[in-house]
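Inspection log for the structure reproduced underneath, given as structure tokens.
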Amino acid sequence: GGGVSSDAVKVGVILPLTGSEAMFGEMEKNSFDMAYEELKAEGKTTIGDKEIVLMYEDDQGRQDVARSATEKLVNQDKVAMLSGGYSSACTNVIAGSAQTLNTPFLIVTGSSDDITKQGWDFVFRGTAAPASMYTGAFWDMMEKVVKPQSVAIIFENTDFGTSSSKGFREECQKRGINIVFDQAYEHGAIDFKPMLANLRSTNPDMIFATSYVMDASMIVKQMKELNFDTKLFVGNGAGYTMPEFYQNAGAASDFVASTSLWVPNVSWQGASEYYEKYKQKYGKEPDYHGAQAYATMYVIADALNRAEDLSNTGIQSALKDTDIQTIMGPIKFVDWAGFTNQNEPNTYVVQWTDGKLEVIWPEEVKSADYVYPVPKWSER
Amino acid sequence: MEDAWIKFGQTVICGILLGGMYSLIAIGMTLIMGVMKIVNLAHGALVMVGMYVVYICATNYGIDPYIGMFIAMPVLFFLGCLIQKYMINRLVEVDSILPENQVLLTVGIMLVLTEGIRLFFKSDYRSVVTSYSSDTLYIGAMSISVPLVIGFIIAMAFTFLLHMFLTKSDLGKSIRATAQDRDAAIFMGVNSSKITMITFGLGAALAAAGGSLLLPLFYLFPDVGHLFTAKSFIITILGGLGSTWGAAIGGLVIGLSESLGATYISMGYKDVVGLVMFILVLLFLPGGIRSLVKR
Amino acid sequence: MGILEARGITKRFGGLTAVNELSFAVDKGEIFGIIGPNGSGKTTVFNMISRFFPITAGEIYFNDRRIDALPAHEICKIGIGRTFQVVKPLRRMTVQENVMAGAFLRTRNISKARRKAKEIINFCNLDDYRSRAAMGLPIPLRKRLEIARALATEPVLLLLDETCAGLNPKESEAAIDLIRRIRDTGVTIIIIEHIMKVMMGISDRILAINFGKEIAMGKPQEVANHPEVIKAYLGEAYA
Amino acid sequence: MLRVTNIDVAYKDVQVLWDVTFEVNQGEFVALLGANGAGKTTTLNAISGLLKVKKGSIEFLGKDITQLPGYKIAELGIIHVPEGRRLFPEMTVRENLEMGSLFPEAKAKRKDTMKKIFEQFPILEEKQYKEAGTLSGGQQQMLALGRGLMALPKLLILDEPSLGLAPVLVTQIFEQIKEINNEGVTVLQVEQNVVQTLKMCHRAYVLENGKIYTQGTGEKLLNDEHIKQAYLGI
Amino acid sequence: MLNKNTLMTIVFALVAVALPVIIKAPYQQHILILVIIWATIGTAWNLLSGYAGQVSFGHAAFFGVGAYSAGLLTLHYGLSPWWGLALGPVMAMLIALPIGAIAFRLRGPYFALATLALGEIFRLMFLNMTGFTNGAKGILIMPAITSKIAYYYIGLGILAATLLVTYLIVHSKIGYYLVSIREDQDAATSLGIPTTFYKNLALLPSALFTGLAGAFYMNYVTFIDPDIVFNLTDISIMVILVVMLGGVATTWGPTIGAALYIIMGELFRTTLGSANVLVFGVLVCLIIMFLPNGIAGELDIIKRITQRKKAGLSGGV
Ligand SMILES: Nc1ncnc2c1ncn2[C@@H]1O[C@H](COP(=O)(O)OP(=O)(O)OP(=O)(O)O)[C@@H](O)[C@H]1O
Ligand SMILES: Nc1ncnc2c1ncn2[C@@H]1O[C@H](COP(=O)(O)OP(=O)(O)OP(=O)(O)O)[C@@H](O)[C@H]1O
Ligand SMILES: [Mg+2]
Ligand SMILES: [Mg+2]
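Keeping their order, the protein sequence lines are chains B, Z, Y, P and E. Counting in the numbering used here, the final residue of the first sequence is number 630, and the numbers go up one at a time with none missing. Counting in the numbering used here, the final residue of the second sequence is number 410, and the numbers go up one at a time with none missing. Counting in the numbering used here, the final residue of the third sequence is number 282, and the numbers go up one at a time with none missing. Counting in the numbering used here, the final residue of the fourth sequence is number 264, and the numbers go up one at a time with none missing. Counting in the numbering used here, the final residue of the fifth sequence is number 344, and the numbers go up one at a time with none missing.
Here is the structure:
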């Protein structure tokens, strides 16, 4: 298992640095580095006479490669613990191997519900919510504001898309909301209009969509082209909260709401500082993926500093005792609703206005009032 | 009833316009694979590089994508020529057990192009938003995207030009001749290495044109090419190797099948419908659409 | 009774009728020649017998069994071997392997096939080339290789399409000798050839066709003197 | 006009030609004879640049063409009608002919030349819009010859032009070649139709096992005992 | 007959059996296991595409179905995924039948692209039939064994079986027939070879072993989803790369190619940071440009020239 070499505390970080998910890998790596430097300045990267060292490995977005990376980090580099994990597929594999190899693994992004439902006690998920839980705050808003009779669900047929729409679907059924349209699509399409035309004829009160970055903007742009009015369009995080969404969709992004795990102007301490600093340092805006990595680095440093010894079990129990405030809110690893070592996520509902993402729910932390129902295209 | 017809009309319009887009991207492939018989897995990557050229023109110099196309095309022509001259031509000249070893080379080229671009531009999603990106025409309740219509028209124009080029000009004929019998073409005084070089260059330039026209309504990242490579293959084969109009019609067939599939089956199955259509055509028309149109 | 009988066979390619209601019968053990101007449909007749494409109309009988609906590989199995006018060697295989590929039709055993191939290669005077790859052989040798390959399938009836083309007169003699020796082993042969010297010297009977139709049929001398054959095929020089 | 001096040619490591030397003068009709596999085709391919020579040199009109690429040699006026026709099977008959006339001079006269060829081979006119691959063997041979003539060559290299032709056409084609030669085109021909060729040509070379065995006028060789025995089987 | 070839085989086999004893580090053993998996798929692909010349762009279908057979047994019936080693190859062969029936009616590039389309159809079906396959969520299992050595020897057994069966096929009458079909299908037909039948005879074992490799992969990697095991680029095309790098239509080519692909890829990945795929791509280009028949393929040619030995079955080492 995870032994430790004498002069360094090695932390293996597995991210997609090449391949189609590399954009997020890059953002998360940058954020790790940024947090590391801050911690270093505070002297929190040295434990006794040992320096924390981050060892990045590229998983290329492929789970067999993720497996190789895990094997290498644990068996060859003898890391003290693992972190990273972007896609659910890779995270699944890293988590499984980490558990088998008795090495603590702190997940950054991978959000498939199943990962923390296996009872794996070496696997921790702090900054990422289980996919089906992204909608926490939104259900509150649904009850109090939206009160839809009928909803339509569209989602990309990926793990994240299927898991999160499944959660939403079950919740709808529980509350007796009528699902009039429910369809998956393959991401990367040029033309969503046939699906949208079909959807329009079912006339839902509200649309709930889970999409990859650019599909999100393709969908809202084409709704605008179709003059397709709906009282509320809600994205499920992911594509709908990223800066690129607005850059590509432009005016079509107005009034699109979304669930979110994080926004720069959320009231947690350090959030907006992180956002500004990142933008300055790397020349572009980070989104919640970056925040996840940044916060995770803080959790790691905290746990390592508290650990009684730097053995695998020592770090494991230090992680278990985590209670820390981060830019993503408080993080604790608890067992609940079938989950193991899963932080209870903070979720928000955000809405685009003029290219700005405003928090509209929960009301305690809102940065702007919600707009509901949204104006018709013809009236904008 | 009324509603159902609108839905159908919208679906068909979308299918045809989408098909036009597919044809546009497949047209360079028609030249490289259909005529030259080089299975080029780097095709999508060439489309992608072309898009980046247009992107740079648009963001750094404020050049409209439709004009940027005329910069991207020569750049990609040049790139294509280099690839053919220094890499693929080497393989054409040796006798290998499976001629598909070219495939492997193009896989390598694809990796190099994709990752090379990533090194420079990172993996960020980029897009060029123009004033007309979302322009829409309406026929009753049916909407028609203007950039798609432009793309469609240009696709058909390119198909026509390519067809004329291949059948009417000596250079075009030399291209076909070289593909069919390299040595015999040399006997006729054709500089076949130069011809293959130009052909690949032209194919790459057409790929760039496809990318340029797509950019105003789509988006860009280093792996965007993967979305198009397999589709271009399928369209080229569907059309019948070497047939320009066949490929154009093939694009429309795939576009329509996907669109109808998306509306009447499910968006998740739209690609399945396109692929099944492809296989059906091949089984019942073994030479592709070409056996109907005949050059 | 004929070993092979064609009754009114017809082949159309689109608008073109390449073979038009042609009937003929080949006797067991004879060498049966087919001549005709270029494009008159000779190769097409071979392709119809060996079922390389379906025939448009008519019937073909082999040993009184109707065979025009059998798949191409079955045709070989029942004892009809062929060569191609435009040679089709198995390029990257050696001469020996080419012939073995034929021999495997009648045996599964590799050493048996190898032994048989050796015999046939020797019979066809190809010993010098046995381990050469087929793609390096000049065309006339490839044609001889095709004969050898077809012989290895132990045919009862052998269809030879211009196997003497590209041979000088001396070499043709060797080829004629080979064909005669094949016949002497009991194989019936249908041969297409444009070199009249070969045709006249070797065929028992000749069928002359033009536009896919019979114009003459009979002993070589008779056919050669047939006015229509002279006009359409031989030219005045032969008159 | 064409001077081949001491060339050696090999396929990979198998040498096929040894020290082959011969020349063709302006306006001449020269035949190259030899048994199967003697190296005739190889010689022609070496001249037209398809094969590289290991040693020796080839000159055309006083210019060293040994190292020139094939298409440049064609540009100089050496047109090779190869063994086995080598047509462009998926192009029409007409397009095949057009491919023969790519050089400016030939292109300028394209229509006229084509008309002449259609007169000589009416079947080609009839089939001009058919794909070359669907022609019968003999028709393909005519097309190959026609395609070569379209280039208005200075030196026409023919590799077994009568292969697969009906007797009536063999006679016709030989007459046509003679006529072309009379019009001033130099001809270098490989033929297995030894008698007719020797009767027509000015001079002939005999190639045996990759070496020039003898040379002489057609008449002389026709009466040569060795030739009679080895090639005519008399 | 203890010729050089058998000798080499024995040496190879001994080294392969001894390797985990020499290389004890689990990480390196993991790499070896990946090499074995890819060598198996490569060898299987080689039979259909290298020897019989039917270039498949859809082998991911067999790999995926093999992997899912193992995964679905666990998901639906709670059986050990090891049963997949029995079911996977059978299912792969079952889907090979219709695939062959469709694709073998086509030739050359039409065949290749039909297999590509069929492969993609399987991916999309498995992605969308969420009730049956779990869709994009994939299937996660708990590994039954933790020792790498056990996996290594099981994998090695599979590879050995694949190599042996391929070798026996290729060096029998069937092998001659397959190569004949590759070299000229019309000529093959004229020699009485029922080409479609023999193509199927190559396809079925090819599918079988690819499916077996898929089932083993599921057991080893413990997680699958359709985008991974049915992936066009990462499976169908990479197997072509593996075989062509190593040497098409050679016995050891696929294994050499697999070793190169995995070891180079891993070496670059761990040392070159985000430029690793770029460098790998450059290497692929260089190898194929300078060794167009792959490593074993070119060695074979070199050997033939220097030894002047009478050629074996063309293309065979
Ligand atoms: N696959 C095909 N498609 C269309 N036409 C064809 C095809 N094969 C042959 N033909 C045509 O059928 C006719 C007969 O051709 P065939 O090859 O049988 O002639 P042949 O008698 O063998 O001539 P040759 O002596 O020149 O070989 C020709 O006009 C030819 O163009
Ligand atoms: N591609 C090749 N690879 C290896 N050897 C070859 C190749 N082509 C020809 N040869 C060999 O070179 C020698 C000469 O061949 P060439 O084709 O020049 O003969 P030729 O005189 O034209 O004979 P033919 O009358 O049969 O056409 C032959 O022994 C032949 O086997
Ligand atoms: Mg014929
Ligand atoms: Mg020759």
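The C-beta atom is built at its ideal place from N, Cα and C for all residues, glycine as well.
So what's G343/E in DSSP terms, helix, strand or just coil?
Annotation note: pLDDT 34 at G343/E (below 50); position unreliable, coordinate value reported separately. In the structure shown, G343/E sits in coil (DSSP, three-state: anything other than H, G, I, E or B).
Local conformation of H57/E per DSSP, three classes
Helix.
Only counting the same chain, and skipping five residues up and downstream in sequence, which positions put a Cβ closer than 6 Å to that of M118/E?
V92 and S96
Just how far apart, CA to CA, sit V311/E and D314/B?
20 Å
Spatially closest choice to L235/E from W279/E, F89/E and A45/E, by CA coordinates:
F89/E
With a cut-off of 9 Å, does the C-beta of F243/E fall near any C-beta of chain Z?
no
Note down, in chain order, all residues in the stretch 205-226 of chain Z with a beta-carbon under 9 Å from any beta-carbon belonging to chain P.
Hits within the stretch: zero.
Can you check whether the CB of D309/B is closer than 9 Å to the CB of Y336/B?
yes
Does DSSP put T333/E in a helix, in a strand, or in coil?
With a pLDDT of 42 at T333/E, under the threshold of 50, the modelled position of this residue cannot be trusted; read the value that follows with caution. Reduced to three states, the DSSP call for T333/E is helix.
Interface residues of chain Z facing A40/P [CB-CB closer than 9 Å]
Here the premise fails: no neighbours, minimum Cβ distance about 16 Å.
Could one say the Cβ of I255/E lies closer than 9 Å to chain B's Cβ atoms, at least one of them?
yes
Taking 9 Å as the threshold (beta carbon to beta carbon), is I148/E in contact with chain Z?
yes
Would the stretch 75-83 of chain P count as touching the stretch 36-45 of chain P if we require 3 or more Cβ pairs under 8 Å?
yes
At the 9 Å Cβ level, is D211/E part of the contact set with chain B, yes or no?
no
Pull up the distance between the alpha-carbon of A68/Z and that of V150/Z, whole angstroms please.
Outside the shown range of chain Z (116 to 410) lies residue 68/Z, about which nothing can therefore be said.
Please state the DSSP three-state secondary structure of E89/P.
strand
Going by DSSP, what residue range makes up the beta strand (DSSP E) through M305/B?
K300 to D308
At least 3 beta-carbon pairs within less than 8 Å: the stretch 238-249 of chain P vs the stretch 209-220 of chain P:
No, they do not touch.
Starting from M279/Z, trace the alpha helix (DSSP H) both ways and give me its first and last residue.
V261 to K283
Drop a sphere of 10 angstroms on the beta-carbon of Q295/Z, count the other beta-carbons inside from all chains shown, and report buried for 16 or more, exposed for fewer.
buried
Partner residues on chain P for V129/Y, Cβ-Cβ distance less than 9 Å:
G114, R115, G167 and Q170
Please return the same chain residues whose Cβ sits closer than 7 Å to the Cβ of A160/Y, not counting the five positions on each side in sequence.
Q139, V142, M143, A146 and A195
Please classify L74/E as buried or exposed, where buried requires at least 16 other C-beta atoms within 10 Å of its C-beta.
buried
Going by alpha carbons, who is nearest to E204/B out of K606/B, L607/B and V599/B?
The shown model of chain B, from 251 to 630, leaves out residue 204/B, and the question about it has no answer.
Flag this pair as yes or no: are the beta carbons of Q222/P and N211/Y separated by less than 9 Å?
yes
I78/Y: first and last residue of the uninterrupted beta strand (DSSP E) it sits in
I74 to I78
Start-end ranges of the alpha helix (DSSP H) lying completely within the stretch 277-340 of chain Z, minimum 4 residues:
285-295, 297-302 and 307-329
Would you kindly work out how many angstroms separate the C-alpha atoms of R209/E and P132/Y, rounded to a whole number?
11 Å
Return the chain-ordered list of same chain residues with a C-beta closer than 6 Å to the C-beta of A285/E, the five sequence neighbours on each side being excluded.
Around A285/E: V62, W65, A66, G69 and V269.
Do you know whose CA, among R177/P, K184/P and R115/P, lies nearest K141/P's CA?
The shortest C-alpha separation from K141/P is found at R177/P.
Can you pull the chain Z residues whose beta carbon is under 8 Å from the beta carbon of M152/E, in chain order?
V387
Grab the span of the beta strand (DSSP E) containing P580/B for me, first residue to last.
G579 to K582
Identify whether V391/Z lies in helix, strand or coil by the three-state DSSP scheme.
helix
How about T71/P: is its Cβ closer than 8 Å to a heavy atom in ligand 4?
Yes, since a heavy atom of ligand 4 falls inside the 8 Å radius drawn around the Cβ of T71/P.
Can you determine whether any heavy atom of ligand 3 sits closer than 8 Å to the C-beta of Q171/P, and answer yes or no?
no
Please tell me whether, using a cut-off of 8 Å, the distance from the CB of N126/P to the nearest non-hydrogen atom of ligand 1 is below it.
no
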